[in-house]
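Residue numbers (our numbering): 2 to 67. Each residue gets a CB set at the ideal place from its N, CA and C atoms; glycine is no exception. Predicted, not measured: the structure shown is a model, and the values here were computed from it.
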Amino acid sequence: MDLDISDLYTIEQAAQYLRVSQSSIRSYIRQGKMNAYRVAGKRKVLIPRNELLKLLVPARDPGDTD
C-alpha cells in the first residue's frame, strides 16, 4: 500500500468526512463495504480516502428526466 499519511483517516475523521456517525463507519467496515487497516500492535484503525469515496454514489441517475 503506497499512501501518503494525509490520505489515511481515523474512524472519527472518516465519520466527519462523510457526515455520518462513527458507528456507521464501523458498520461499513464489518459489512465489507469499506476496507480499513489496523496499525500493528495498536487499536488504531486507519481508512484510506479512496475507500471513503467508494461509498459516494450519485444522488440522482443522470438518465432521469424528472
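Helix, strand or coil at residue i according to DSSP, with G and I counted as helix
i          : result
residue 56 : coil
residue 39 : strand
residue 31 : helix
residue 24 : helix
Neighbourhood of residue i by C-beta, 6 Å cutoff - its chain only, sequence neighbours within 5 removed
i          : result
residue 30 : 37
residue 35 : 29 and 52
residue 50 : 8
Residues near residue i in its chain [Cβ-Cβ closer than 7 Å; skip 5 each side]
i          : result
residue 15 : 26, 48 and 53
Residue i burial status per 10 Å Cβ neighbour count (16 or more: buried)
i         : result
residue 9 : buried
Bridge-paired residues (DSSP) for residue i
i          : result
residue 46 : 39
residue 10 : 48
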